[in-house]
Amino acid sequence: MNDSIFKLSFLIFAQNLGFYMAAKSIKSILVAVFSLIILLFSNVSNAQEIKQADTVAQASPKEEKLDPASIIMDHIKDAHEFHFFTVGNFHATIPLPVILYSPTKGFSVFSSSHFGPEGEEEYNGYKLDKTKIIVATDGSAVYDFSLTRNVVQMLIALTLLVVLMTGIAKKYKNGIGVHSAPKGWQNVMEPVITFVRDDVAKPNLGDQYNKYLPYLLTVFFFILINNIFGLIPGSANVTGNTAFTMVLGVISLIVILFSTNGHFWAHIFWPPGVPFLVKLILIPVEVAGVLIIKPAALIIRLFANMVAGHIIILSFISLIFIFGAMNKAAGWGFSPISILFTVFIYFIEILVAFIQAFIFTNLTAVFIGQSFAGGHDVHDDAIML
Amino acid sequence: MTLMTLLTEFGYSHMGGAIGAGLAAIGAGIGIGQIGKGAVEAIARQPEASNDIRANMILTAAFVEGVALFAVIAGLLAVLKG
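If you read the sequences in order, they're chains A and B. Counted the way this note's numbering counts, the first sequence spans residues 12 to 396. Counted the way this note's numbering counts, the second sequence spans residues 19 to 100.
Now the structure itself:
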């Protein structure tokens with residue numbers, strides 16, 4: 012009796028669907044759709060409430076529920092240790108120094124291993140809250156200057172770059188690679204540096220490319236080496252972190268703003284070649300474009316590409332454990348497929364590492380070039396030349 | 019269990035985030051496919067220019083992919099904050 016509406020609607024729906032299929036009449040399909048809506052939106056209400064059986068006390072033991080989302084997020088986010096793997100109760104980690112300053116307690120430096128393997132212990136009046144940020148147990152302000160894993164990886168990348176590049180520069184200064192064939196790392200770096208100079212700097216910056224080449228090369232190599240390091244299992248996700256990309260974006264914005272000239276701002280505040288009313292609409296759009304949208308696009312593009320790649324790789328590996336939680340054999344059986352996909356994605360990620368470094372550098376060069384491009388004369392042509 | 023009761027207990031934000039990310043993937047696929055088509059046809063017309071064409075193709079593909087990934091980030095935010 013209660014589901015007579017269900018049955019009726021379903022019968023009408025089925026009959027009219029049949030009519031539509033047979034005779035292609037538009038009325039039948041309309042009736043079919045209408046009855047489908049009624050079918051889905053009808054509700055069964057009882058006149059009397061059904062008494063729920065009392066649930067017995069929670070007797071199930073505490074289960075280790077697999078939470079892949081938090082596993083993935085822990086790998087993506089910054090942390091106070093390098094975590095490689097966990098076997099049972101053994102955690103293979105490298106704890107990093109925690110450097111804190113609190114106005115009430117002064118400076119504190121200690122190893123992050125004092126926070127315990129799950130980060131739940133207190134030490135010296137400091138503890139990690141839910142989002143793994145250090146807070147003082149009495150609620151006072153804490154300034155965190157710790158060497159987290161992002162910082163350590165950036166410092167390693169920095170040292171590597173400085174050592175490599177100064178070594179190569181010294182070789183060139185001694186004439187190796189100038190009067191003779193390049194040797195060693197010169198062979199690796201020379202094509203890359205000439206690529207950035209000839210295909211990124213010179214076409215966009217014209218004669219002034221020498222002024223900006225140090226910055227463009229620095230940004231390119233720093234992003235590239237942090238991208239590549241981030242692909243090593245156990246390393247930190249530096250470029251997939253908005254803090255890192257935002258600093259680079261802001262620095263690029265400062266370089267762009269410092270190379271603008273009057274001609275550029277004249278075009279921003281009085282766009283040529285459009286009717287007057289469109290000019291009024293276009294002025295805030297152009298200003299926001301230069302100051303906010305273009306740097307934000309640089310920041311988010313690099314961040315999103317790198318973090319998406321890391322999440323995909325981590326998800327494929329987590330799939331093994333998700334299948335394994337359902338059925339041990341399924342977990343083992345699925346591992347070869349998962350690892351195959353992961354290796355495939357790794358190749359794409361190596362390509363993306365190079366491409367994203369190139370794109371960031373190229374777009375910065377394009378924007379710098381746009382800021383001091385002067386001297387294209389007549390704007391009143393029928394077509395924009 | 020009807021659609022009505024399902025809708026009232028479902029997590030809208032999770033569904034919206036996932037569908038949004040999927041749509042972004044479709045957009046990226048179509049966009050980058052068009053770029054590839056144009057590039058390959060251009061190389062077929064003039065094989066000597068293939069280096070320049072390849073550089074432009076990769077640059078433009080990175081733009082399109084960037085936009086798709088903005089949408090993925092929005093979907094991710096919908097799932098994580100919802």
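Every residue, glycine too, gets a C-beta built ideally from N, C-alpha and C. Remember, predicted model here, so these are calculated numbers, not experimental data.
Starting from residue i and walking both ways along the beta strand (DSSP E), at which residues does that stretch end?
i, result
"A147 (chain A)", "I145 to A147"
"F93 (chain A)", "E92 to V98"
"Y112 (chain A)", "P108 to S113"
"L139 (chain A)", "Y137 to L139"
Along the chain, where does the alpha helix (DSSP H) containing residue i start, and where does it finish?
i, result
"S123 (chain A)", "Counting along the chain, S123 (chain A) falls outside any alpha helix (DSSP H), and DSSP gives it neither H nor E."
"L288 (chain A)", "F287 to A299"
"K181 (chain A)", "R160 to K184"
"L302 (chain A)", "Note, L302 (chain A): premise wrong, no alpha helix (DSSP H); not H, not E."
"A277 (chain A)", "G273 to F280"
"D70 (chain B)", "S68 to K99"
"T372 (chain A)", "K339 to F383"
"D85 (chain A)", "P79 to I87"
"G29 (chain B)", "No alpha helix (DSSP H) holds G29 (chain B); DSSP gives it neither H nor E."
"G29 (chain A)", "S15 to A34"
State buried or exposed for residue i, treating a residue as buried only when at least 16 other CB atoms are found within 10 Å of its CB.
i, result
"N238 (chain A)", "buried"
"G241 (chain A)", "buried"
"M32 (chain A)", "exposed"
"Q164 (chain A)", "buried"
"T142 (chain A)", "exposed"
"P347 (chain A)", "exposed"
"Y30 (chain B)", "exposed"
"F95 (chain A)", "exposed"
"V289 (chain A)", "exposed"
"G84 (chain B)", "buried"
"P306 (chain A)", "buried"
"A42 (chain B)", "buried"
"S123 (chain A)", "buried"
"N316 (chain A)", "buried"
"V230 (chain A)", "buried"
"I322 (chain A)", "buried"
"E92 (chain A)", "buried"
"D65 (chain A)", "Per-residue confidence for D65 (chain A) stands at a pLDDT of 41, beneath the threshold of 50, marking its modelled position as unreliable; the derived number appears in the next sentence. It is exposed - the Cβ of D65 (chain A) has fewer than 16 other Cβ atoms within 10 Å."
"I304 (chain A)", "exposed"
"K27 (chain A)", "As written in the sequence, residue 27 (chain A) is Asn, which differs from the Lys given in the question. Per the 10 Å Cβ criterion, buried."
"F287 (chain A)", "exposed"
"N248 (chain A)", "buried"
"E360 (chain A)", "buried"
"H190 (chain A)", "exposed"
"Y223 (chain A)", "buried"
"F255 (chain A)", "buried"
"T250 (chain A)", "buried"
"A86 (chain B)", "buried"
Which residue from the options puts its Cα closest to that of residue i?
i, options, result
"S15 (chain A)", "A:F30, A:L50 and A:L351", "A:L50"
"A46 (chain B)", "B:V82, B:V97, B:K55 and B:K99", "B:V82"
"Q381 (chain A)", "A:I311, A:V363 and A:T271", "A:T271"
"G245 (chain A)", "A:R160, A:L259 and A:V301", "A:R160"
"V258 (chain A)", "A:M317, A:L41 and A:L309", "A:L309"
"I82 (chain A)", "A:F332, A:F17, A:A341 and A:K222", "A:F332"
"G320 (chain A)", "A:Y226, A:R208 and A:I243", "A:I243"
"R312 (chain A)", "A:I87, A:N252 and A:R208", "A:N252"
"Q219 (chain A)", "A:I361, A:G385, A:L19 and A:N198", "A:G385"
"D155 (chain A)", "A:I110, A:I265 and A:A90", "A:I110"
"P79 (chain A)", "A:L169, A:I328, A:N373 and A:K194", "A:I328"
"Y112 (chain A)", "A:G195, A:F121 and A:T104", "A:F121"
"D209 (chain A)", "A:F369, A:A180 and A:G29", "A:F369"
"T20 (chain B)", "A:P193, A:S36, A:F345 and A:L47", "A:L47"
"E297 (chain A)", "A:H278, A:D140 and A:V98", "A:H278"
"F24 (chain A)", "A:S39, A:I267 and A:A34", "A:S39"
"I105 (chain A)", "A:P114, A:H125, A:G117 and A:T115", "A:H125"
What distance in whole Å lies between the Cβ atoms of residue j and residue i, which are believed to be in contact at a cut-off of 8 Å?
i, j, result
"F232 (chain A)", "L172 (chain A)", "6 Å"
"L235 (chain A)", "F378 (chain A)", "That belief does not hold up - the Cβ atoms of L235 (chain A) and F378 (chain A) are roughly 20 Å apart, past 8 Å."
"L158 (chain A)", "P108 (chain A)", "5 Å"
"G93 (chain B)", "M75 (chain B)", "Actually they are not in contact, since the Cβ atoms of G93 (chain B) and M75 (chain B) sit about 27 Å apart, beyond 8 Å."
"P282 (chain A)", "L293 (chain A)", "5 Å"
"T375 (chain A)", "V207 (chain A)", "Incorrect: roughly 11 Å between the Cβ atoms, too far for contact."
"N135 (chain A)", "S119 (chain A)", "6 Å"
"L77 (chain A)", "A336 (chain A)", "5 Å"
"A96 (chain B)", "G49 (chain B)", "A96 (chain B) to G49 (chain B), Cβ: 22 Å. No contact."
- [ ] Enumerate, from N- to C-terminal direction, the unbroken beta strand (DSSP E) stretches of 3 or more residues contained entirely within the region 188–256 of chain A.
- [x] none
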